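Right, one structure below, let's go through it.
Number of protein chains: 2
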Amino acid sequence: MAARSTSKTSESSDKVSVICRALRRAIIEQALEPGAKLPEDALGERFGVSRTIARHALGQLAAEGLVELRRNRIAVVATPSWQEARDAFDIRIELERLVVRQLAGKLTKAQIAELNAHVDAEDGARGGADAVSIRLATEFHILLAQMTNSPILVRYVSEVAYRCCLTLSLYSRPHSTECAINEHRAIISALAKGDEAKVMDLMHHHLDSVANRALVAPTPQRGRDLLDILAPYADEVTSDRVVKLPKVARRG
Amino acid sequence: MAARSTSKTSESSDKVSVICRALRRAIIEQALEPGAKLPEDALGERFGVSRTIARHALGQLAAEGLVELRRNRIAVVATPSWQEARDAFDIRIELERLVVRQLAGKLTKAQIAELNAHVDAEDGARGGADAVSIRLATEFHILLAQMTNSPILVRYVSEVAYRCCLTLSLYSRPHSTECAINEHRAIISALAKGDEAKVMDLMHHHLDSVANRALVAPTPQRGRDLLDILAPYADEVTSDRVVKLPKVARRG
DNA sequence: GGCGCCCCAATTGCATGCAGTTTGGGGGCT
DNA sequence: AGCCCCCAAACTGCATGCAATTGGGGCGCC
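If you want it as structure tokens, here you go:
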């Protein structure tokens, strides 16, 4: 059988869940770019809820790593470092290999059809906004994870995929999604054939190539924090005041 | 090098973080057993904070999978199904193989000493409470993860390890921790030697054996929810009222 | 005696209010 | 002009208050 037992969905129709979903989507579609401020008041007003709820939602998103929350400071959309991006992809590769290992040869016809339909949708969106393509590609992987019927796996794959999505939008050049779509098709076909080793390899190289295409190099100019860039230089300096020197505006 | 760059710790000294830590520990040490009720009022009063804070903490723990949160219902300590436990261990194996892969041959002498000291502590606690042994063993794995200096990896390994800890307390017989301690020592030594393949294998089998020793069988009587057990039987029945029938007390 | 219904205490969902902290900008001093 | 300090606006941290929902005990009915 392909499906296990029934699984309770964790995210219900709470107000905070609604806001979480909205913000998550806004973030991964770059409507909110990394570093964007997220004041509780503004969120509350925008979504028609109190600060309490907005705050709670920010807490959840912070737990997912999409938002940075510093005490007494305005929450901001997370700005993962290049190293964190690389780490996220490494984890993602392992998790998604596990997904396809569990799925190989166990998919129903309906599920395969669903996957194909999704890739068709990706294909259809090729002319549109880059952000939408990235989101659809990400959702393909989440769809796969959901088919394992393992709520834990779904959660982790989703989270790490969203994080990768976020970093893609940060470090990626305007990229071509076509080969990714072909790779998705190849994965589906290998899954249908039930070739476990093959599909694990396909997934591995698929994600690896996406990561390598995107995370081209430590690209210090874009996305990295000024203080991080200067850190190694500051190590040479002994004065206490060195940290006060770069009094430049930090994005924004 | 063994360490990467500085890493901000995500969990600061918020009141909610404090409560989270306290509850987490209480849960994995079985002071709060699965199914235990966690009313916001009671928590707030116990920790000297308002319901708002207790509520927020419960939200975080729910995101980690340690607590179940149903709308308009009292929160309870999560009761993972046997299948979820198995899934958690599968994920954990992959994640921790990644950990030791990154760590093999890259540990400083100080780090190795720290690991050995921890295992000594595990050894010392062998006579004490089972729950403490389990916690220490879990913390060994988290300590390893922390040495990768990858905050994301730390977070996921911690979470999934805590979940496993929770299920161990649910399904495990009073178990002997000795072999686990020896396996920990073996892992440290392989890490020091830098034998990547060996240490990945050691970790894999270590976790696998822990899982197999604990998750002996689907043991339907203990831990599984009555409704889950009856679910397949209920499928045969057409009446709407079937779901109301098992009006028995559901764990106390 | 057992079954079902109803009502109330218990509890959650959420908004608002108040106090403490941060920010950033104007004015004064050098 | 440049630097610094101080203050007010903005924002967060948290508690409290009120409406809505639940579930369990008690009562009546079978």
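One line per chain: the protein sequences are A and B, in this order. Take the first sequence: its position 135, counting from 1, is numbered 135 in the working numbering, and each next residue is one higher. Take the second sequence: its position 240, counting from 1, is numbered 1240 in the working numbering, and each next residue is one higher. Just so it is clear, CB atoms sit at the ideal spot from N, CA and C, and this is done for glycine as well. Keep in mind it's a predicted model, so treat the numbers as computed, not measured.
> So the alpha helix (DSSP H) residue 49 of chain A belongs to, where does it begin and stop?
Replying inline: First-last for residue 49 of chain A: undefined, no H or E at that position.
> Name the chain B residues that come within less than 8 Å of residue 84 of chain A, Cβ to Cβ?
Replying inline: Residues of chain B with a Cβ closer than 8 Å to the Cβ of residue 84 of chain A are, in chain order, 1150, 1151, 1152.
> Using a beta-carbon distance below 8 Å, is residue 51 of chain A in contact with chain B?
Replying inline: Closer than 8 Å: no.
> Straight-line CA distance for residue 140 of chain A to residue 155 of chain A?
Replying inline: Between residue 140 of chain A and residue 155 of chain A, the C-alpha separation is close to 14 Å.
> Alpha carbon to alpha carbon, what distance is there between residue 208 of chain A and residue 1004 of chain B?
Replying inline: Because residue 1004 of chain B carries a pLDDT of 49, less than 50, the predicted location of this residue cannot be relied on, and no value is offered for it.
> Any residues in the stretch 1031-1063 of chain B with a beta carbon nearer than 9 Å to a beta carbon of chain A? Which ones, in chain order?
Replying inline: The stretch 1031-1063 of chain B vs chain A, Cβ under 9 Å: 1052, 1055, 1056, 1059, 1060, 1062, 1063.
> What is the residue span of the beta strand (DSSP E) that residue 1075 of chain B lies within?
Replying inline: Looking at the DSSP string, the run of the beta strand (DSSP E) that includes residue 1075 of chain B is 1075-1077.
>> Just to confirm my understanding: we take residue 1199 of chain B, look at its own chain, exclude 5 residues before and 5 after, and list those with CB closer than 7 Å. What are they?
In response: Answer for residue 1199 of chain B: 1100, 1104, 1187, 1190, 1191, listed in chain order.
>> Checking 8 Å against the spacing of the C-beta atoms, do residue 1160 of chain B and residue 1213 of chain B come in under that value?
In response: The answer is no: Cβ separation not under 8 Å.
>> Applying the 10 Å Cβ sphere with the 16-neighbour rule, what's the burial state of residue 247 of chain A?
In response: At residue 247 of chain A, the pLDDT of 34 sits below 50, so the modelled position is not reliable; the number obtained from the coordinates is stated separately. Under this definition residue 247 of chain A is an exposed residue.
> So which residues on chain A does residue 1254 of chain B lean against when the C-beta distance must stay under 8 Å?
Replying inline: Given that chain B is displayed from residue 1001 to residue 1252, the structure contains no residue 1254 of chain B and the question cannot be resolved.
> Name the chain A residues whose beta carbon is nearer than 7 Å to that of residue 944 of chain B?
Replying inline: Outside the shown range of chain B (1001 to 1252) lies residue 944 of chain B, about which nothing can therefore be said.
> Can the beta-carbon of residue 87 of chain A be found closer than 8 Å to that of residue 1133 of chain B?
Replying inline: No. Outside cutoff.
>> Quick check on residue 41 of chain A: buried or exposed, where buried means 16 or more other Cβ atoms within 10 Å of its Cβ?
In response: By the 10 Å Cβ count, residue 41 of chain A comes out exposed.
> Is there contact between the stretch 1019-1035 of chain B and the stretch 22-30 of chain A, where contact requires at least three CB pairs shorter than 8 Å?
Replying inline: No: fewer than three Cβ pairs fall under 8 Å.
> Applying the criterion that 16 or more other CB atoms from any shown protein chain within 10 Å of the CB defines a buried residue, is residue 1074 of chain B buried or exposed?
Replying inline: With fewer than 16 other CB atoms across the displayed protein chains lying within 10 angstroms of its CB, residue 1074 of chain B is exposed.
> What does a CB cutoff of less than 6 Å around residue 1060 of chain B pick up in its chain, not counting 5 residues either side in sequence?
Replying inline: Cβ neighbours of residue 1060 of chain B beyond the five flanking positions: 1020.
> Anyone know if the C-beta pair for residue 157 of chain A and residue 69 of chain A falls short of 8 Å?
Replying inline: No. Outside cutoff.
> Can a CB atom of chain A be found closer than 8 Å to the CB of residue 1087 of chain B?
Replying inline: Look at residue 1087 of chain B: its C-beta is under 8 Å from a C-beta on chain A.
>> Checking 8 Å against the spacing of the C-beta atoms, do residue 1184 of chain B and residue 1122 of chain B come in under that value?
In response: Annotated as proximal: residue 1184 of chain B and residue 1122 of chain B, with beta-carbon spacing under 8 Å.
>> When you compare the CB of residue 1196 of chain B with every CB in chain A, is at least one pair closer than 8 Å?
In response: Not closer than 8 Å to any Cβ of chain A, the Cβ of residue 1196 of chain B fails to qualify, so no.
> Along chain A, in chain order, which residues have C-beta atoms closer than 8 Å to that of residue 1014 of chain B?
Replying inline: What residue 1014 of chain B touches in chain A: 71.
> From what residue to what residue does the alpha helix (DSSP H) around residue 124 of chain A run?
Replying inline: Boundaries of the alpha helix (DSSP H) around residue 124 of chain A: 109-124.
> Bridge partners of residue 68 of chain A, per DSSP?
Replying inline: For residue 68 of chain A, which the question treats as bridged, DSSP gives the partners A:76.
> Does the beta carbon of residue 26 of chain A sit closer than 8 Å to a beta carbon anywhere in chain B?
Replying inline: By this cut-off, residue 26 of chain A is not an interface position.
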